[in-house]
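Residue numbers (our numbering): 4 to 186.
As structure tokens, this is what we get:
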């Protein structure tokens, strides 16, 4: 939270599994942007994938619309697909993320959204160098680098309406975002 405050953001804590759209909208009122970076986590079951990875993302997107917050960044997952087959927990996760992404896209012009689909998240120190594009192929990426890309995306209007994949690479984060945004 201290890192976010230093960057000028105001982190808020909210239980997105129990909050109402009105409660979340009230928290978002006056914000410049909202970032969905929550996840049920690898040890959770299929039910939590539905309530967090899909439900909470949908809730935040809908609340952003209600609150008049235009900019929304959503951290999704590589290979997210609302039609992903299978019943294993990871299949449910990919389907939930895909359904959330589809909902965000369905809001159309109500939001200036960007969906970020990182590869396998690692706890390694960030390098500040990534590969960011519509399709990257599989690969790992440090959480620190995901956060750095999110910070750059916030002020990159050229990425509105894009779904981008992210893995570790050789391009400095600011340059990678400029390349996909056309700015």
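Ideal Cβ positions, reconstructed from N, Cα and C, are used throughout, including at glycine.
Could you round the C-beta distance between residue i and residue j to whole angstroms and report it? I think they count as a contact, below 8 Å.
| i | j | result |
| --- | --- | --- |
| residue 92 | residue 48 | 6 Å |
| residue 119 | residue 167 | 6 Å |
| residue 144 | residue 165 | With a Cβ gap of about 17 Å, residue 144 and residue 165 do not count as contacting. |
| residue 95 | residue 52 | 5 Å |
| residue 2 | residue 62 | With the chain covering only 4 through 186, there is no way to say anything about residue 2. |
| residue 81 | residue 141 | 7 Å |
Buried or exposed: where does residue i fall if 16 or more other Cβ atoms within 10 Å of its Cβ makes it buried?
| i | result |
| --- | --- |
| residue 23 | exposed |
| residue 254 | The structure shown does not extend to residue 254, since the chain is modelled only from 4 to 186, so the question has no answer here. |
| residue 77 | buried |
| residue 79 | buried |
| residue 127 | exposed |
| residue 15 | exposed |
| residue 155 | buried |
| residue 104 | buried |
| residue 138 | exposed |
| residue 148 | buried |
| residue 28 | buried |
| residue 159 | buried |
| residue 10 | exposed |
If you compare alpha carbons, which of the options is closest to residue i?
| i | options | result |
| --- | --- | --- |
| residue 35 | 127, 27 and 74 | 74 |
| residue 31 | 66, 81, 55 and 154 | 66 |
| residue 112 | 8, 150, 71 and 141 | 71 |
| residue 12 | 160, 153, 186 and 88 | 153 |
| residue 151 | 141, 178, 140 and 100 | 178 |
| residue 97 | 25, 125, 45 and 10 | 45 |
| residue 50 | 99, 124 and 88 | 99 |
Below 7 Å CB to CB, which residues in the same chain sit around residue i once its five sequence neighbours on both sides are set aside?
| i | result |
| --- | --- |
| residue 102 | 57 and 85 |
| residue 41 | 19, 55 and 59 |
| residue 175 | 131 and 132 |
| residue 68 | 110, 113 and 114 |
| residue 186 | 159 and 161 |
Going along the chain, which residues of its own chain have a beta-carbon closer than 6 Å to the beta-carbon of residue i, five neighbours each way excluded?
| i | result |
| --- | --- |
| residue 134 | 170 and 172 |
| residue 157 | 36 |
| residue 39 | 60, 63 and 77 |
So, for residue i: in the same chain, excluding its five sequence neighbours on each side, which residues have a beta-carbon less than 8 Å away from its beta-carbon?
| i | result |
| --- | --- |
| residue 162 | 117, 156, 180, 183 and 184 |
Uninterrupted alpha helix (DSSP H) stretches inside the segment 80 to 111 (no shorter than 4 residues): 92 to 109
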